[in-house]
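In my numbering, the protein residues as written are -3 to 102.
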């Protein structure tokens, strides 16, 4: 099954197409503003919740010992903060309905 993806420019095109009163430049500015705001909030350690879509938060990964796959040597992996997305119930259900096989043959 081929994996389709939507790029930032695809998102701008979709927004401009859905809202005829928006110019391409305005749609691009809107997408950039939203993504920048989400990124800045995560950098500050804030949580972003968009009802019906999901929430973005920052998870803490503690330091741990890993292994170099080539040599098997133990390697210390430092702690880090990573962005995390948790889809909302409405999004999970919509994705589940859209991705189920159309014709299931026993």
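All residues carry an ideal CB built from backbone N, CA and C; glycine is no exception.
Inset, instruction - Using beta-carbon positions only, say whether residue 46 and residue 37 come within less than 8 Å of one another. - result: For the purposes of this step, residue 46 is identified with residue 50 of the chain shown, where counting begins at 1. For the purposes of this step, residue 37 is identified with residue 41 of the chain shown, where counting begins at 1. No, they are not a contact pair.
Legend entry - Nonlocal neighbours in the same chain, by C-beta distance under 7 Å from residue 41, ignoring five residues either side: By 1-based counting over the chain shown, the position of residue 41 is 45. Closer than 7 Å at the Cβ level, and outside the excluded window around residue 41, lie 54.
Inset, instruction - Confirm, please, whether the CB-CB distance from residue 79 to residue 52 is below 8 Å. - result: The sequence position of residue 52 within the chain shown is 56, counting from 1. The sequence position of residue 79 within the chain shown is 83, counting from 1. Taking 8 Å as the Cβ cut-off, residue 52 and residue 79 qualify as a contacting pair.
Inset, instruction - Identify whether residue 28 lies in helix, strand or coil by the three-state DSSP scheme. - result: Here residue 28 corresponds to residue number 32 of the chain shown, with the count starting at 1. In this structure, residue 28 counts as helix in the three-state DSSP scheme.
Inset, instruction - Under the assumption that residue 34 contacts residue 23 (Cβ atoms under 8 Å), give the Cβ distance between them as a whole number of angstroms. - result: In the chain shown, residue 34 corresponds to position 38, counting from 1. In the chain shown, residue 23 corresponds to position 27, counting from 1. In fact, because the Cβ distance is near 17 Å, the residues do not count as touching under 8 Å.
Inset, instruction - Assuming residue 63 contacts residue 71 (C-beta within less than 8 Å), just tell me the rounded distance between them. - result: Against the chain shown, residue 63 aligns to sequence position 67. Against the chain shown, residue 71 aligns to sequence position 75. Confirmed, about 7 Å.
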